[in-house]
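**Q** There's a structure below that I have some questions on.
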Amino acid sequence: MAAAKGSLPNQLGPYEILEEIGRGALGIVYRCRHVHLERLAALKVLHPHWTESPEFLRRFREEGRVMAMLEHPNILRVYDAGEHDGIFYLAMSYVEGSTLEARLRNPISLEESLAITRQLASALAYAHGRGVIHRDLKPANVMVGPDLHVTLMDFGVARLKDSPGHTQPGGRIGTPYYMAPEQIQGRPVDHRADLYALGVVLYRMLTGRLPFGGEATEAVYDGHLHRDPPPLDEDCPAWLATIVLRLLAKSPDERFADAHELIAALDAQSPATAGSAAATHAIPPAPARPAALGAPIRRHCAALSLDVVASSALKQPGLTLVVNERFAAFRRYVRSHLDRFGATDAAWSGDGLVALFNQADDAAACATAILDELDEFNTTGGERPLHVRIGIGYGPVVMWEGQPLGEVASRTLDEAGHLQKAAPPDSALMSEACFRALTVPNRWRGLPPSVSRPTPDPVYIYTPGESATAPPRILRAELRSGGQTREVALHEDTLIGRADPASSRWPDLPITGDDTVSRRHARILRRPDGFYLEDLDSANGTLLNGRYLTPYQPVVLQTGDHVELGEVTHLRIVAIEGTEG
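Numbering-wise (the numbering used here), the sequence shown opens with residue 371 and increments by one.
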């Protein structure tokens with residue numbers, strides 16, 4: 371397809387325009403080549419007739435800001451944003467394949483439909499966990515590669531859960547065929563509106579038609595609001611029909627609670643059970659709010675997850691009473707620490723515990739005290755010492771007033787559980803969000819890049835005796851940018867990026883006067899064995915001593931190293947002071 375550039379120059383920044391590959395409501399997408407890195411990219415350019423509109427310019431920038439927050443295999447990656455002679459653009463990864471809309475011109479098999487749905491659910495689970503609601507999920511916004519790899523695109527009308535949004539009261543955002551009833555009515559929406567849209571997409575893949583079609587928009591709206599979708603084809607498995615109908619429930623409360631629950635329902639179906647009645651009954655019914663519960667409460671808090679390591683090995687025949695007494699004593703030991711540090715709620719399940727704290731500092735102090743004093747507790751246990759793992763997450767938790775903690779489904783609780791499972795014995799792992807919420811983080815250190823972690827984000831570890839007395843390690847460097855030179859001293863993980871008010875997170879080391887630096891360009895990681903440099907898949911790359919770094923593969927820094935972040939931004943490592951342990 372020939373490039374339809376019009377007045378567009380042959381090059382925008384470092385991107386050489388090759389051809390037009392798509393058009394949308396906000397902009398035109400071009401296939402491009404990065405002239406320095408010699409790699410393909412997709413450039414979304416704001417349509418010329420919207421450049422004078424503050425509202426559409428804001429939406430375009432908001433799309434870039436939201437997508438820059440998201441780093442997931444099934445979400446299109448935004449590398450950079452820029453403006454050239456009044457032309458606004460977003461630089462994105464280039465994806466081979468065709469849209470799901472194009473693939474739907476031909477029948478899609480059941481196996482392909484499930485694979486596509488599973489990947490879209492994974493993308494939504496990740497985005498929702500970071501507070502992003504897509505609001506316009508449809509086949510035209512989904513790319514499917516030759517290997518059936520799915521990429522979710524176009525967050526042009528997405529919004530953050532905690533932001534007021536930009537929809538006017540009573541306004542409708544989305545595409546009519548895929549809009550949830552609450553969107554049509556102009557009511558507030560949450561992540562469950564995306565699940566409804568995914569249900570429409572799945573219905574269409576399975577049947578080849580829309581549940582509520584036609585050309586009259588009001589008739590489509592009436593279907594979403596008042597009519598049941600036509601029955602699925604007879605060859606559709608009963609368990610899958612149950613999932614589709616639950617996704618398409620008129621009330622958000624009758625849908626899956628979140629994308630994680632949908633994934634669990636899909637994963638529960640194996641080839642051996644997919645056609646059985648048992649498989650259908652394995653899908654949990656839509657949750658009903660107990661009448662005894664009060665209003666929902668949403669708050670930010672720290673979640674602590676604890677479990678006993680290899681507890682089953684302790685439960686041997688003939689030792690039941692002894693082991694039960696031992697675990698009862700351990701529960702009292704943990705309970706005393708929860709009370710001491712002000713846990714607001716706690717629930718045991720088997721040998722594991724989850725607890726909530728209002729403050730990250732309280733959760734961290736509770737975890738370190740449990741670990742620090744565990745040896746003393748074990749002196750009373752004879753030949754049966756107990757060892758534990760702890761994980762701490764931080765973020766929003768929504769629960770009904772009076773709801774038991776053990777029944778709460780929450781991304782923050784899940785994060786704490788994942789960290790706990792990844793923690794070494796007698797250690798605690800903490801999320802980046804929790805670490806940044808600490809006022810006294812000196813007893814926690816960054817997990818070395820060489821150690822496997824449950825998340826691509828930084829993770830922090832506490833192990834008794836290793837970090838409490840370690841002297842600080844400081845990296846001193848000379849930063850040259852825009853003709854100015856200054857000294858910087860770094861003693862913790864540091865995000866380096868271009869200063870941009872539209873960024874979702876302001877960099878720890880902001881760069882001004884150099885548009886070749888990405889907003890999230892690179893990160894310096896403080897680890898027990900030194901400082902590391904990590905490129906964050908920046909648009910123009912990061913050079914260490916003249917060699918490009920592979921994105922997301924940290925490399926150790928040494929005194930005298932020279933780092934090139936942009937055309938006029940350089941960092942020279944002057945000294946690394948202090949030792950660990």
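Heads up, the beta-carbon is just placed ideally off N, CA and C, and yes, glycines get one too.
1. Got a sec? Which residues, its chain only, sit under 8 Å from His-454 by beta carbon, not counting five neighbours each side?
2. Please report the straight-line C-alpha distance between Arg-488 and Ala-497, rounded to a whole angstrom.
3. Buried or exposed, going by whether 16 or more other CB atoms sit within 10 Å of the CB of Pro-828?
4. Beta carbon of Ile-977, beta carbon of Leu-845: below 8 Å?
5. What is the rounded straight-line gap between the Cα of His-788 and the Cα of Gly-772?
6. Going straight from the alpha carbon of His-404 to that of Asn-910, what length do you get?
7. Is any heavy atom in the ligand COA found nearer than 7 Å to the beta carbon of Arg-846?
8. Between which two residues does the alpha helix (DSSP H) harbouring Val-436 extend?
9. So, Ile-461 versus Ala-495, is the Cβ gap smaller than 8 Å?
10. Under a three-way DSSP split, which group does Ser-483 fall into?
11. Can you tell me whether Arg-843 is helix, strand or coil according to DSSP?
12. DSSP three-state label for Thr-612, please.
13. For Thr-749, is the classification buried or exposed, using 16 other Cβ atoms within 10 angstroms of its Cβ as the cut-off for buried?
14. Confirm, please, whether the CB-CB distance from Leu-919 to Val-925 is below 8 Å.
15. Which two residues bound the contiguous beta strand (DSSP E) that contains Asp-715?
16. When the distance is taken between beta carbons, is Ile-740 closer than 8 Å to Cys-804?
17. Is it buried or exposed for His-442, if we count other Cβ within 10 angstroms and need 16 for buried?
18. Go through its chain and collect everything with a Cβ distance to His-707's Cβ below 7 Å, but skip five positions before and after it.
19. Using the Cα positions of Tyr-400 and Leu-618, report the straight-line distance between them to the nearest angstrom.
20. When we look at the beta-carbon of Trp-876 and count the other beta-carbons within 10 Å, is it buried (16 or more) or exposed?
21. Do Ile-760 and Ala-793 count as a contact pair if the criterion is CB distance below 8 Å?
22. Which of the three DSSP states, helix, strand or coil, is assigned to Lys-791?
23. I'd like to confirm the pairing. Which residues does DSSP put opposite Val-768 in its beta bridges?
24. My assumption, with CB atoms under 8 Å, is that Leu-956 sits in contact with Val-512. Please give the rounded CB distance.
25. Helix, strand or coil, according to DSSP, for Phe-711 in the structure here?
26. Using alpha carbons as the reference points, say which of Leu-913, Ala-945 and Ala-680 lies closest to Phe-901.
27. Quick check on the burial criterion: 16 or more other C-beta atoms within 10 angstroms. Buried or exposed for Glu-937?
28. Considering only residues of the same chain and omitting the five flanking positions on each side of Ala-807, which have a CB-CB separation below 6 Å?
29. Since Ala-491 and Leu-576 should fall inside the 8 Å C-beta cutoff, what is the C-beta to C-beta distance between them, to a whole number of angstroms?
30. Considering Cα atoms alone, identify which of Asn-728, Val-768, Arg-710 and Val-679 is closest to Gly-720.
31. Is it buried or exposed, Pro-660, if we count other Cβ atoms within 10 angstroms and call 16 or more buried?
32. Here's the rule I'm using: 16 or more other beta-carbon atoms within 10 Å means buried, otherwise exposed. How should His-561 be labelled?
33. Do you know offhand how far Pro-418's Cα is from Pro-581's?
34. For Ala-550, which of helix, strand or coil comes out of DSSP?
35. Specify the secondary structure class of Gln-489 as computed by DSSP and reduced to three states.
36. Let me confirm a value: Thr-809 is counted as buried when at least 16 other C-beta atoms fall within 10 Å, else exposed. Which label applies?
**A** For this structure:
1. Pro-379, Leu-382 and Gly-383
2. 14 Å
3. buried
4. The structure shown does not extend to residue 977, since the chain is modelled only from 371 through 951, so no value can be given for it.
5. 26 Å
6. 8 Å
7. Although the ligand COA was asked about, the structure shown includes no ligands whatsoever.
8. 424–438
9. Before going further, note that residue 461 is Ala rather than Ile in the sequence given. Not in contact: Ala-461 and Ala-495 (Cβ atoms no closer than 8 Å).
10. helix
11. coil
12. helix
13. exposed
14. yes
15. 715–719
16. no
17. buried
18. Cys-736, Ala-739 and Ile-740
19. 35 Å
20. exposed
21. yes
22. helix
23. Arg-668
24. This structure cannot speak to residue 956, because the chain is shown only from 371 to 951.
25. coil
26. Ala-945
27. exposed
28. Ala-730 and Tyr-764
29. About 15 Å; that fails the 8 Å criterion.
30. Val-679
31. Confidence at Pro-660 is low in this model, with a pLDDT of 46, below 50, so the placement of that residue should be treated as unreliable; the coordinate-derived value is given next. Exposed, by the Cβ-count rule.
32. buried
33. 36 Å
34. coil
35. helix
36. exposed
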